[in-house]
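Asks: So that we are looking at the same thing, I have put the structure below in structure tokens.
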Amino acid sequence: MARGFILGLAAMVQRTDTALADLPDNRLRQLVDYWRARRGDRIAPPRAALDPVDIPDLLPWLSILDVTDHGFQTRLAGTGLEAICGRPLTGLLLDHDSTQPLELTLLSWLRHACDQRAPMLVQATLAGPRTRLVMQGVILPLSGDGDHIDKLICGCVALGGLPLPGTGRRPRPVAPSLVEFSAHRLEV
Numbered sequence: 076m077a078r079g080f081i082l083g084l085a086a087m088v089q090r091t092d093t094a095l096a097d098l099p100d101n102r103l104r105q106l107v108d109y110w111r112a113r114r115g116d117r118i119a120p121p122r123a124a125l126d127p128v129d130i131p132d133l134l135p136w137l138s139i140l141d142v143t144d145h146g147f148q149t150r151l152a153g154t155g156l157e158a159i160c161g162r163p164l165t166g167l168l169l170d171h172d173s174t175q176p177l178e179l180t181l182l183s184w185l186r187h188a189c190d191q192r193a194p195m196l197v198q199a200t201l202a203g204p205r206t207r208l209v210m211q212g213v214i215l216p217l218s219g220d221g222d223h224i225d226k227l228i229c230g231c232v233a234l235g236g237l238p239l240p241g242t243g244r245r246p247r248p249v250a251p252s253l254v255e256f257s258a259h260r261l262e263v
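All you need for this note's numbering is the position in the sequence shown, starting with 1, plus 75.
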């Protein structure tokens, strides 16, 4: 069941390219520029070429994931990401046994970035108890051997929160659920 859902989500990745200049948030552009500078003429830079501390404005919103035979394991997750999700993310395994729509969507995006060996621009609207939060992010492949993608570095930002009717506040969602999403290949 979950595997069929993942394959359906992968088919929904839009084939259009999005230019770096079209990213609405400067922090995401900085991350992609940093990744591109470390990449050189390779398909992707190795993990050793990147230091998350070099991107201080985005550090709370960064994650680094290992690519495993069964999915992805979070090695680093920023405090902002953990606050939005309402739980620790470091060590979290995302695999084909996941059943949550948000995890399955994320898994599809991560797999697509690995399969295409290309950066992805993703956007999701998340709903919590009293708010909706629009998040945009980039998924950037890393390669230790210059051929196979073995890690991913991801950064995301909140584009804005919308209070649900009757609340008038913009609290962060706790254990958010996925409302809508989109994904595009990022032209770098």
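Don't be surprised by glycine CBs; every beta carbon is placed ideally from N, CA and C.
Treat the numbers as computed from the prediction; the structure is a model and nothing was measured.
Would you report the Cα separation of Pro120 and Gln105, rounded to the nearest angstrom?
Replies: 16 Å
Asks: Apart from the five residues on each side of it in sequence, which residues of its chain come closer than 6 Å, Cβ to Cβ, to Ala124?
Replies: Arg113
Asks: Gly212 by DSSP, collapsed to three states: which one?
Replies: strand
Asks: Which runs of the beta strand (DSSP E) spanning at least 3 residues fall entirely within the region 101-182, listed in chain order?
Replies: 137-142, 146-152 and 168-170
Asks: Note down the Cα distance separating Asn101 from Asp126, rounded to an integer number of angstroms.
Replies: 19 Å
Asks: On a CA-only basis, which of Leu208, Gly115, Ile224 and Asp172 is nearest Ala233? Give me that one, please.
Replies: Leu208
Asks: For Leu167 versus Leu181, is the C-beta distance shorter than 8 Å?
Replies: no
Asks: Is DSSP giving His187 helix, strand or coil here?
Replies: Reduced to three states, the DSSP call for His187 is helix.
Asks: Nearest to Arg111 by CA position, among His145, Ile214, Asp225 and Ser138, is which residue?
Replies: Ile214
Asks: Compute the Euclidean distance between the alpha carbons of Leu156 and Leu164, then round it to the nearest angstrom.
Replies: 8 Å
Asks: Taking buried to mean at least 16 other C-beta atoms within 10 Å of its own C-beta, is Arg186 buried or exposed?
Replies: buried
Asks: Express the C-alpha separation of His145 and Gln175 in angstroms, rounding to a whole number.
Replies: 17 Å
Asks: Using only alpha-carbon positions, find the residue among Ile228, Leu201 and Ser257 that is nearest to Ile139.
Replies: Ile228
Asks: Rounding to the nearest angstrom, what Cα-Cα distance links Thr260 and Asp116 in this structure?
Replies: Note on identity: in this sequence residue 260 is Arg, with Thr being the wrong assignment. Taking the straight line from one Cα to the other gives about 19 Å.
Asks: Where DSSP assigns a beta bridge to Ala258, which residues make up the other side?
Replies: Val197
Asks: Do the CB positions of Cys189 and Gly212 come within less than 8 Å of each other?
Replies: In this structure, Gly212 does not lie closer than 8 Å to Cys189 by Cβ.
Asks: Check each candidate in Ile118, Pro135, Gly221 and Glu262 and name the one with the smallest Cα separation from Leu151.
Replies: Ranking Ile118, Pro135, Gly221 and Glu262 by Cα distance to Leu151 puts Pro135 first.
Asks: Please report the distance separating the alpha-carbon of Gly219 from that of Ala202.
Replies: 37 Å
Asks: So Val142 packs on Lys226, CB below 8 Å; how close in whole Å?
Replies: 6 Å
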